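Every number in our numbering is 1441 more than the matching position in the sequence shown, counting from 1. Heads up, the beta-carbon is just placed ideally off N, CA and C, and yes, glycines get one too. Please read all numbers here as calculations on a predicted model, not as lab measurements.
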Amino acid sequence: MSYFIVPTNNCVFLICDCDMPLAEMTNVWREVQETLAGTNQKRVLVDVTAFQTSLDMKELFDLAKLFWQDFPESGRIALVVRWDQTRFAKSLEMLVRTVGIYLTVFVSEEQAEAWILENAKDTQPAEEFAN
1442 MSYFIVPTNN CVFLICDCDM PLAEMTNVWR EVQETLAGTN QKRVLVDVTA FQTSLDMKEL
1502 FDLAKLFWQD FPESGRIALV VRWDQTRFAK SLEMLVRTVG IYLTVFVSEE QAEAWILENA
1562 KDTQPAEEFA N
């Protein structure tokens, strides 16, 4: 398995262990959306620091559309990337925000987790998960 979905009391973590084609990412994102719906959550932390390749512009738009489809209104997505992935990630952030999804890019997992849990009702510390 190249990913892990970990639901907590306040959000859902998606940890991607390696590159995956957009078709696989689509299936993974559907699973994340089902988990969100099943837990009544609106917040996702996505860690893609293990990705080794960059997306071209078409793939970037496709990924933005994927994140946008059926995402809970007033939801949040924290995207954790490596420093060398920030250019791609900031472009994705801009695209997704233009359609109303609140996605923010981070290079620190700790900062991403603090942001994703900010103002969450019934905020409790998220469970630690293995890297």
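- Secondary structure note for T1449: it is in no beta strand (DSSP E), with a DSSP letter that is neither H nor E.
- If you look at R1484, you'll find it in the beta strand (DSSP E) that goes 1484–1488.
- Cβ neighbours of V1522 within its own chain (closer than 7 Å, five residues either side excluded): V1489, T1490, A1530, V1546, V1548.
- For T1545, the enclosing beta strand (DSSP E) covers residues 1543–1547.
- Setting aside the 5 residues that flank it on each side, Q1474 is surrounded in the same chain by D1511, F1512, each with a C-beta closer than 8 Å to its C-beta; the list follows chain order.
- Close CB contacts of M1461 within its chain, under the 6 Å cut and outside five residues either way in sequence, are with S1443 (chain order).
- Annotation: A1553 to Y1543 spans about 13 Å, alpha carbon to alpha carbon.
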